[in-house]
Amino acid sequence: MAQARSEESAGASLVAMLAAMLGVLSLLGVLCFHFPELLTSQAFREVYTEPLARTLLLVGLVAAFILGTWSLLRGRGRRLSLLAVGSAALALLLGGASVDFDPIQPTPFSLGLDWFIISLLVSALVFVPIERMASAREQAILRPEWRTDLAYFFVGHLLIQFILISVTTFTGLVLAFALYPPLQTWVQLWPLWVQFLVAVFVADLAQASLHRAYHSVPLLWRFHAVHHSCRHLDWIAGSRMHLLEILATRALVLLALLWVGFAPAAINAYVILVGLQAVLAHANLGLRFGWLEYVLVLPRYHHWHHARDPAYAHCNFAIHLPLVDMLLGTFKLPKQGWPAEYGLHDPDSMPVGILWQHVAPFRFRRRPTLRGGA
12 MAQARSEESA
22 GASLVAMLAA
32 MLGVLSLLGV
42 LCFHFPELLT
52 SQAFREVYTE
62 PLARTLLLVG
72 LVAAFILGTW
82 SLLRGRGRRL
92 SLLAVGSAAL
102 ALLLGGASVD
112 FDPIQPTPFS
122 LGLDWFIISL
132 LVSALVFVPI
142 ERMASAREQA
152 ILRPEWRTDL
162 AYFFVGHLLI
172 QFILISVTTF
182 TGLVLAFALY
192 PPLQTWVQLW
202 PLWVQFLVAV
212 FVADLAQASL
222 HRAYHSVPLL
232 WRFHAVHHSC
242 RHLDWIAGSR
252 MHLLEILATR
262 ALVLLALLWV
272 GFAPAAINAY
282 VILVGLQAVL
292 AHANLGLRFG
302 WLEYVLVLPR
312 YHHWHHARDP
322 AYAHCNFAIH
332 LPLVDMLLGT
342 FKLPKQGWPA
352 EYGLHDPDSM
362 PVGILWQHVA
372 PFRFRRRPTL
382 RGGA
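Residue numbers (our numbering): 12 to 385.
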């Protein structure tokens, strides 16, 4: 009886969380319709249509009202339920899904609020239920420091155009002096599926090499330690990454892909893969994948990379393919089990919160030690 009540309470709380998320995202969606040039990414606007965006907004508003009201009547998650209903009501007052706007004019810079809304909605709806049904370890959905990781998720998506412009500008400058046209011509003769597979390997080799340097070079570790400060892993934990590390990593990977000469379609397919696998690798997902764990980087493989265990401090640097770690001599995966703890060797060396963590690498009085206490 007690267990049934506990499960019912947890289910009601989950409904309240879902309602609050839909309400807030709907409100942000209305703001996107009011200020499309400023708040929506030009690149991402090409992915969806206006009717689809309006339909999603309408569904979100209706669902937020219904679920929020139901939770209020049930007396569960009162604050979250009020947030859901209040946000949805404000969104309706601002025009709801019927907001009109003039043709969008091109602007030199815009924010990616639309990218944040859709990415958070899809990721949460897919991974939260899966993690509850097949978790590697018991932990609350709103576990400690979830606000910090949500802030990273928000900023990383909001600044997507700034990141793209910075990375493409850098790679363009480098490739202006370093291209080898015969290589690019030869590679683009390959079938697209071959280009994609080789692109995954090339990108992973480049990123794993840089990742290894992050763990070996004290100056680089200062920035990468932010990512390893997560003490709880789930689908959103991978978002915790210093902005300078994001720029450096994406620039190196894109530089490698463009220098080899893969077709844009192969690179775009790789971008989709890296987005999915980055979330999956950090997910609190306790499923066993058998032999597939030796082919693709899956949760258990990457969780051991995050283990607060000196024996695993310098292994599993690959992002996609364990084969890359095998070639680098850094492959290490026990046949069974999960890490007992995650995070830094000295957890207190990293402050809490996205702002202080972005300042932390530049503070010289106290800095995170290298993994394993080195």
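All C-beta atoms, glycine included, are put in the ideal place defined by N, C-alpha and C.
All of these numbers come straight from a predicted model, not from anything done at the bench.
Bounds of the alpha helix (DSSP H) holding histidine 222 are 203-227. Note that the C-beta distance between glutamine 172 and valine 271 is not below 9 angstroms.
Between alanine 31 and leucine 91 a beta carbon distance of about 4 angstroms is seen, short of the 8 angstroms cut, so the two are scored as contacting.
In the structure shown, tyrosine 191 falls within a coil segment according to DSSP collapsed to helix, strand and coil. Under the three-pair Cβ rule at 8 angstroms, the segment 48-66 counts as touching the segment 125-139. Annotated as distal: tyrosine 353 and leucine 203, with beta-carbon spacing of 9 angstroms or more. Buried is the label assigned to glutamine 206, since at least 16 other Cβ atoms lie within 10 Å of its Cβ. As far as DSSP is concerned, tyrosine 305 takes part in no beta bridge. Going by DSSP, histidine 314 is part of the alpha helix (DSSP H) stretching over 310-316.
In the structure shown, tyrosine 281 adopts helical secondary structure according to DSSP, grouped into three states.
Per DSSP, the unbroken alpha helix (DSSP H) holding valine 73 starts and ends at 61-85.
Restricting attention to Thr260, Leu200 and Val133, the CA atom closest to the CA of threonine 179 is found in Thr260.
The straight-line gap separating the alpha-carbon atoms of arginine 233 and tyrosine 312 is approximately 24 angstroms. The segment 287-299 makes no contact with the segment 205-220, as fewer than three CB pairs between them are under 8 angstroms. According to DSSP, tyrosine 163 shares a beta bridge with no other residue. The C-alpha of glycine 97 lies about 10 angstroms from the C-alpha of threonine 80. Under DSSP, tyrosine 353 forms a beta bridge with Ala318. When Ala95, Ala351 and Asp160 are compared, the shortest CA-CA separation from alanine 322 is found for Ala351. Note on geometry: alpha-carbon atoms of lysine 343 and asparagine 279 lie some 30 angstroms from one another. Residue environment analysis places alanine 318 among the buried positions, since at least 16 neighbouring C-beta atoms fall within 10 angstroms of its C-beta. For alanine 108, the closest alpha carbon among the candidates Lys346, Phe44 and Arg143 is that of Phe44. Ranking Gly286, Arg251, Trp246 and Leu338 by CA distance to the CA of proline 140 puts Trp246 first.
Out of Met28, Ala162 and Pro345, the CA that lies nearest to the CA of tryptophan 367 is found in Ala162. In this structure, valine 166 places its C-beta atom within 9 angstroms of the C-beta atom of leucine 254.
Check the Cα spacing between aspartate 113 and each of Phe76, Gln150 and Pro47: the tightest is with Pro47.
By the CB criterion at 9 angstroms, tryptophan 201 and valine 209 fall inside the cutoff. Beyond the five residues adjoining it in sequence on each side, aspartate 320 comes within less than 7 angstroms, by CB distance, of Pro350 in the same chain, given in chain order.
Non-local beta-carbon contacts of cysteine 326 in its own chain, meaning distances under 8 angstroms to residues more than five positions away in sequence, involve Trp315, His316, Asp336, Thr341, Phe342 and Lys343 in chain order. The continuous stretches of alpha helix (DSSP H) do not include tryptophan 246, and DSSP gives it neither H nor E. Excluding five sequence positions before and after serine 240, the CB atoms of its chain that fall closer than 8 angstroms to its own CB belong to Arg251, Gly354, Leu355, Pro358, Met361, Gln368 and Pro379, given in chain order. Annotated as distal: alanine 99 and serine 24, with beta-carbon spacing of 9 angstroms or more. When the beta-carbon positions are compared, alanine 102 and valine 41 come within less than 9 angstroms of each other. At a cut-off of 4 residues, the continuous stretches assigned as alpha helix (DSSP H) that sit fully inside the segment 76-153 are 89-104 and 124-144. If you ignore the 5 residues before and after alanine 145, its C-beta comes within less than 8 angstroms of the C-beta of Leu296, Gly297 and Leu298, all in its own chain and listed in chain order.
Bounds of the alpha helix (DSSP H) holding threonine 260 are 254-271.
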